[in-house]
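Residue numbering for the sequence shown follows UniProt numbering, beginning at 1 and increasing consecutively.
Positions of the beta carbon are idealized from the N, C-alpha and C atoms, including for glycine.
Take a look at the structure below.
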Amino acid sequence: EFMQAFWDVEEVQAKAIQHFASYIRDKSVVTSAMKTHVDSLKLQVDGCSLLLEILSQALEQDVVMALNENVTSSLLDTVRKHSENEELLSLVCTLLMMISVSEVAAENLRKAGIIPDLLSILRNFLHNEKICFSCCGVLWSLAASENVDQALLKSAVPVTSAVLQEHLQNGAVTESACSALWALSLQGCVTENEYEPTTALLLDALRMNPERPVLVKNACLALASLLRLSEIPALRFIMDSKGSGINLIKNVYYLHFDDPEVVENLCMLINEMVQYDDVVLDMLSQKMEELLSEIKSRFPSS
């Protein structure tokens, strides 16, 4: 009302905006209200919406915002109290993904035991693209951090695979799920009986979304980490019923031949492939040496 009353006075408007900005930047005001009134669905939705606006503006302006345990604790309280409300969980999971890029926040989330909550949300709302996208993003951040319970991470593999299977045609969700599977495979959380189905899913992700560079990079890194572990995924890679992974690599390369990061990750995958004789024979039969020569000539200094 004050701003509206003096809308034409620049100094008044500037001071009012500064005052308002300093107030909303204090996230503890919002999270304290949310924590005190955790039973109120409307207050939780409004509080999450405001936090989302604050964090989004901070990201747009490249402002680093401190995220203490009170923020993560408040959001976890909201998740656990309103675990069946899809609209609210969609907001909260988006916030969790945004804050989990901070190592400190990710560690706070890990300590608070968020992984079982994330997996429960994914199981219950597997159809929700926004929730799946956000939860896989959080899983990627947590799996990449230290001191994570391996048993919990192993239980995340089938759930993440289910997300990937459900949303193969959604590039953004598939990209997020591939990044989570990559992080989980790096931690050695994919069990032997999951090697083949996980490899097949990652190949499907590449087939369905070959034009997305980040997805291609994540899928290639996940495949490379699986091939590093065993010959089982390597054989599935070349004998997949939907087509050889080698042909798929060629197709992906010609889509992204001018992107050095994608090509580098393709080469990392190829480097894992050549440790298996059967795969090498298949590579030779499909004249992969021609593609490798082209890569070498295109990137002589790499």
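Own chain, CB closer than 8 Å to residue i, minus 5 neighbours either side, in chain order
{"i": "Ile238", "result": "Ser244, Gly245, Ile246, Asp278, Val279, Asp282"}
{"i": "Ser230", "result": "Glu192, Tyr195"}
{"i": "Ser301", "result": "none"}
{"i": "Lys296", "result": "none"}
Contact set for residue i: own chain, Cβ-Cβ below 6 Å, skip 5 residues either direction
{"i": "His37", "result": "Leu43"}
{"i": "Asn108", "result": "Glu69, Thr72"}
{"i": "Cys93", "result": "Ile131, Ser134, Cys135"}
{"i": "Ala180", "result": "Cys136, Leu139, Trp140, Thr160"}
Cβ-based neighbour list, residue i, same chain, cut-off 7 Å, excluding 5 preceding and 5 following
{"i": "Ile17", "result": "Low per-residue confidence applies at Ile17: pLDDT is 49, beneath 50, and the placement is therefore not dependable enough to give any value."}
{"i": "Asn85", "result": "Leu41"}
{"i": "Gln165", "result": "Leu201"}
{"i": "Leu52", "result": "Leu91, Thr94, Leu95"}
{"i": "Ala162", "result": "Leu126"}
Exposure of residue i, with buried meaning 16 or more beta-carbon neighbours within 10 Å
{"i": "Lys242", "result": "exposed"}
{"i": "Glu175", "result": "buried"}
{"i": "Glu5", "result": "Checking the sequence, you will find Ala at residue 5 rather than Glu. With fewer than 16 other Cβ atoms within 10 Å, it is exposed."}
{"i": "Val30", "result": "buried"}
{"i": "His167", "result": "buried"}
{"i": "His82", "result": "buried"}
{"i": "Glu289", "result": "exposed"}
{"i": "Arg298", "result": "exposed"}
{"i": "Asp258", "result": "exposed"}
{"i": "Lys287", "result": "exposed"}
{"i": "Ser185", "result": "buried"}
{"i": "Glu272", "result": "buried"}
Nearest neighbour of residue i, chosen from the options [CA to CA]
{"i": "Ser141", "options": "Met98, Ser32, Gly47, Ile131", "result": "Met98"}
{"i": "Val214", "options": "Gln275, Asn251, Leu59, His256", "result": "His256"}
{"i": "Gly113", "options": "Leu139, Val262, Ser293, His127", "result": "Leu139"}
{"i": "Leu221", "options": "Leu248, Val252, Leu266, Arg207", "result": "Leu266"}
{"i": "Thr78", "options": "Ala58, Asp39, Ala106", "result": "Asp39"}
{"i": "Thr226", "options": "Cys178, Thr199, Asn218, Val216", "result": "It should be noted that the sequence gives Leu, not Thr, for residue 226. Looking at the Cα atoms, Thr199 is the closest of the given residues."}
{"i": "Glu129", "options": "Ile121, Asn170, Arg207, Ala143", "result": "Asn170"}
At least three beta-carbon pairs within less than 8 Å, the segment 139–157 to the segment 180–198: yes
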